[in-house]
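**Student:** First residue of the sequence shown: 38, per my numbering; consecutive thereafter. In this text, a Cβ means the ideal position worked out from N, Cα and C, and glycines have one as well. Pasting a structure here, questions to come.
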Amino acid sequence: MVGEGGAAELFGGDDERAAQVAAARERFVRLARRPDREIDLAEAALLIAAEEYPGLDVGVYLSRLDALAQRVRGRLAAKSVEPESPEADEASLAALSEVLFDEEGFRGAEPDDFYSPRHSFVNEVIEHKRGLPITLSVIYCEVARRAGLHAVGINLPGRFIVQFRGKHLSVYVNPFDRGTRLPDERDALAERVFGQRVELSPDHLRPASRKQILARMLGNLLGNYLRQRPPNLSKALAAVERMLAIYPSAEQVRDRGLILRAMGHQTINQAPAIAEQNQLAAVRLLEHAAQLLGSAWFDLKLYARLGEGTTDATSTGGTADEIWQLLARQN
């Protein structure tokens, strides 16, 4: 599929790299389709990164999370508290904070670099200690789990935090802000996280499932790739296709159709320059553009039918009709 690599990607790309990307996708889809409780969240998150970094050794980074958890257990052992006592929960919170934030220095990405895609990749966050709220929360929860503790992700609108759940207390924690503890009361929590009054419902504070976390990570990537100038369409497509593997929805079908449409137009625009060098290559490029546009037409037409009555169903159907007319003219 032609993306930012242009004709070189279509004609003579790196076969080994493509095979590694395909293998990472296959492993991710197979894992993400398991029942939620059977998904290893850290492994699945690293497989998202493995498409960006073909050949990524997922096992190496899982071992590094194991090592962090071992240090947390060591800290707890040194505190000499009774495992079932109320003090054990405070000691566990302190051990997590000491290892992850005081010693390792995990913290949020800088505002001027917040939308860099690398902050969505767990391997990069482990290496460079900076990340998005959700990637830092995944690391927090997975280190806690490996240390025999319990922490869950909380899917707030526009922000992600965790809740440490001990035997005697539960505490909201903000890994993006170096593990600061947050108020239990909803209004106070919202004001601390967002810096202003935001209405939160009890549903906002329910633990996120592993699939919800993975889908939100991919949604962040999708937005980041589309925000780039020019948009990175091939990587945006890869993100939305993996979202469809987790939680198929009409909206994601629409998004895939719109990305495929943009890729088709982009590929058509590349053809004149390619034709100057190789007419056959230009013909093959246009054939590929027709395939992209045909797939886009199918997705957008399907969304227009599935989403009948929604605000954008009619306009999406109109876009599909425009694609059909373009394909007819090309034929």
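Under the three-state reduction of DSSP, which class applies to I76: helix, strand or coil?
**Tutor:** On the sequence shown, residue 76 is found 39 positions in, with the first residue counted as 1. Of the three classes helix, strand and coil, the one that applies to I76 here is coil, per DSSP.
**Student:** For R202 versus V210, is the C-beta spacing smaller than 8 Å?
**Tutor:** Mapped onto the sequence shown, residue 202 falls at position 165. Mapped onto the sequence shown, residue 210 falls at position 173. Not in contact: R202 and V210 (Cβ atoms no closer than 8 Å).
**Student:** Which ranges would you report for the alpha helix (DSSP H) in the region 103-137 if only whole runs of at least 4 residues count?
**Tutor:** The region 103-137 contains these whole alpha helix (DSSP H) runs: 123-134.
**Student:** On a CA-only basis, which of R229, R64 and R54 is nearest G92? Give me that one, please.
**Tutor:** In the sequence shown, the residue the question calls residue 92 occupies position 55. Checking every option, the nearest Cα to that of G92 belongs to R54.
**Student:** Taking 7 Å as the limit between beta carbons, can you name the residues of its chain near E130, skipping five residues before and five after?
**Tutor:** Start at 1 with the first residue of the sequence shown, and residue 130 comes out as number 93. As written in the sequence, residue 130 is Leu, which differs from the Glu given in the question. The residues are F201 and V208.
**Student:** Tell me the rounded alpha-carbon separation between S122 and R291.
**Tutor:** As a position in the sequence shown, residue 122 is number 85, starting the count at 1. As a position in the sequence shown, residue 291 is number 254, starting the count at 1. Cα to Cα, the separation comes out at about 52 Å.
**Student:** Do L258 and M300 have their beta-carbon atoms positioned less than 8 Å apart in this structure?
**Tutor:** For the purposes of this step, residue 300 is taken as the residue at position 263 of the sequence shown. For the purposes of this step, residue 258 is taken as the residue at position 221 of the sequence shown. Contact flag unset, no.
**Student:** Could you check the C-alpha separation between Q57 and A69 for me, to the nearest Å?
**Tutor:** In the sequence shown, residue 57 corresponds to position 20, counting from 1. In the sequence shown, residue 69 corresponds to position 32, counting from 1. Between Q57 and A69, the C-alpha separation is close to 18 Å.
**Student:** Run through the DSSP bridge pairs and tell me what R218 is partnered with.
**Tutor:** One-based indexing of the sequence shown puts residue 218 at position 181. V210, per the DSSP bridge assignment.
**Student:** Starting from R366, follow the beta strand (DSSP E) in both directions and report where the run begins and ends.
**Tutor:** By one-based count along the sequence shown, residue 366 stands at place 329. Where R366 is concerned, there is no enclosing beta strand (DSSP E), although the alpha helix (DSSP H) it sits in stretches over A350 to Q367.
**Student:** Which two residues bound the contiguous alpha helix (DSSP H) that contains L330?
**Tutor:** Here residue 330 corresponds to residue number 293 of the sequence shown, with the count starting at 1. Taken as a continuous stretch (DSSP letters only), the alpha helix (DSSP H) holding L330 covers Q316 to L343.
**Student:** Out of D51, D52 and A61, which one is the CA nearest neighbour of R279?
**Tutor:** Taking the first residue of the sequence shown as position 1, residue 279 is located at position 242. Ranking the options by Cα distance to R279, first place goes to A61.
**Student:** Going by DSSP, what residue range makes up the alpha helix (DSSP H) through L263?
**Tutor:** Stepping through the sequence shown from its first residue, residue 263 is reached at position 226. First-last of the alpha helix (DSSP H) with L263: R247 to R264.
**Student:** Between which two residues does the beta strand (DSSP E) holding Q200 run?
**Tutor:** The residue given as residue 200 occupies position 163 in the sequence shown. Here the beta strand (DSSP E) through Q200 covers R196 to R202.
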